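Student:
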Amino acid sequence: MPMPVPRRNRFERRRAETRQALVRAARQILAESGGTSASIHAIAEHADVGLGSFYNHFRGKPDLFDAAVADALEEYAQAVDQRLHGVDDPAERLAGGVRLAARMAESYPEIMQILCHSQLGRICAGDGLAPRAKRDVEQGMAAGRFTVVDPVIALTVLNGSLLALLELWCNQPGTDSDQAAGTMAEMILQMLGLSPDEARDLARRPLPAAV
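Here the sequence shown is numbered in the numbering used here, starting from 0 and rising by one per residue.
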């Protein structure tokens, strides 16, 4: 006979579900309107949770909307990670990440709308793609793949390039983002110390298929 699920676990699960419902509601509001003016009452209704539940998880709307952006960024970054699973070379992974970030923008319209509405600069924050880029740069330097002297400057250039790519997607949706991303990945790899030929090869290599 199976053991009963401890009450504490049920409580924690329901608490997590309530928080995620509020975050999802905030994501939808950000994607649809780009504004944070919705009342807490309206957000709770949108999430189908009690009004009192809001303050069990967030001090106020700024905390909730920050959590919503972070949640969107993390989902986006995890999708890129899944496509690059098994790619061990940090140079190839970095090039693939730049290219996929642009290509997958069309597959995640809600997330892109959130980023466009809530300042694209958030993509360079501590969640989502930025820490992955930092990991790849550091691993590439440790392995001798990258010869860049200042990792802080390298990350600044990398994050700025990614930001520019997504801004291009938002403001000029007719642009060939695949071509732009490939060119940018090639330039970034050369900046990090790869030869022009190797940078071009990695930036044009077929991307891993979706799982």
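Glycine residues also receive a C-beta, built at the ideal position from the N, C-alpha and C atoms.
Computed from a predicted structure; not experimentally measured.
Which residue from ALA153, ALA180, GLN77 puts its Cα closest to that of LEU164?
Tutor: It is ALA180 whose Cα lies nearest to the Cα of LEU164.
Student: Can the beta-carbon of ALA184 be found less than 7 Å from the beta-carbon of ARG98?
Tutor: It is a contact, given that the beta carbons lie within the stated cut-off.
Student: Going residue by residue through the stretch 41-89, where are the continuous alpha helix (DSSP H) segments of at least 4 residues, counting only ones entirely within it?
Tutor: Runs of the alpha helix (DSSP H) inside the stretch 41-89: 50-53, 60-82.
Student: Assign ARG26 to buried or exposed, taking buried as 16 or more other Cβ atoms, counted over all protein chains shown, within 10 Å of its Cβ.
Tutor: By the neighbour-count rule (16 or more Cβ atoms within 10 Å), ARG26 is buried.
Student: Do you know whose CA, among TYR54, ALA78, ALA46, lies nearest ALA208's CA?
Tutor: The option with the nearest alpha carbon to ALA208 is ALA78.
Student: Helix, strand or coil: which one does DSSP assign to VAL151?
Tutor: Helix.
Student: Please report how far the alpha carbon of ILE28 lies from the alpha carbon of ALA67, in whole angstroms.
Tutor: Taking the straight line from one Cα to the other gives about 10 Å.
Student: Out of ASP47, GLN112, HIS56, ALA100, point me to the one whose CA is closest to GLU11's CA.
Tutor: Comparing Cα-Cα distances from GLU11 to each of ASP47, GLN112, HIS56, ALA100, the minimum goes to HIS56.
Student: Check this for me: beta carbons of LEU188 and ASP135, under 7 Å apart or not?
Tutor: Going by C-beta atoms, LEU188 is not nearer than 7 Å to ASP135.
Student: How about ALA132 and LEU114: do their beta carbons lie closer than 7 Å?
Tutor: The answer is no: Cβ separation not under 7 Å.
Student: From this set, LEU128, ARG13, VAL86, PRO150, which residue's C-alpha is nearest PRO205's C-alpha?
Tutor: For PRO205, the nearest C-alpha among the options comes from VAL86.
Student: Any idea if GLU91 is buried or exposed, counting beta-carbon neighbours within 10 angstroms, 16 or more meaning buried?
Tutor: With 16 or more Cβ atoms within 10 Å of its Cβ, GLU91 is classed as buried.
Student: Would a C-beta distance cut-off of 7 Å place VAL147 and GLY192 closer than the cut-off?
Tutor: Contact: yes.
Student: Taking the CB atoms as reference points, tell me whether ALA24 and HIS40 lie closer together than 7 Å.
Tutor: It is not a contact, given that the beta carbons lie outside the stated cut-off.
Student: Taking the straight line between their C-alpha atoms, what separation do you get for SER36 and PRO130?
Tutor: Going by the C-alpha atoms only, they are around 30 Å apart.
Student: Applying the 10 Å Cβ sphere with the 16-neighbour rule, what's the burial state of VAL151?
Tutor: By the neighbour-count rule (16 or more Cβ atoms within 10 Å), VAL151 is not buried but exposed.
Student: Taking the beta carbon of ALA71 as the centre, do at least 16 other beta carbons fall within 10 Å, making it buried, or is it exposed?
Tutor: Answer is buried; the Cβ neighbour count reaches 16.
Student: Tell me which same chain residues have a C-beta within less than 6 Å of the C-beta of CYS169, skipping the five on either side of it?
Tutor: Contacts found: CYS115.
Student: Classify GLY143 as helix, strand or coil using the three-state DSSP reduction.
Tutor: Correct three-state label for GLY143: coil.
Student: Since TYR54 contacts TYR75 with CB under 8 Å, what's their CB separation in whole angstroms?
Tutor: Contact doesn't hold; Cβ gap of about 29 Å is too wide.
Student: Nearest by alpha-carbon distance to VAL22: which of GLY59, SER160, LEU83 is it?
Tutor: Closest by alpha carbon: GLY59.
Student: Per DSSP, what kind of secondary structure is GLN171 in: helix, strand or coil?
Tutor: GLN171 falls in the coil class under three-state DSSP.
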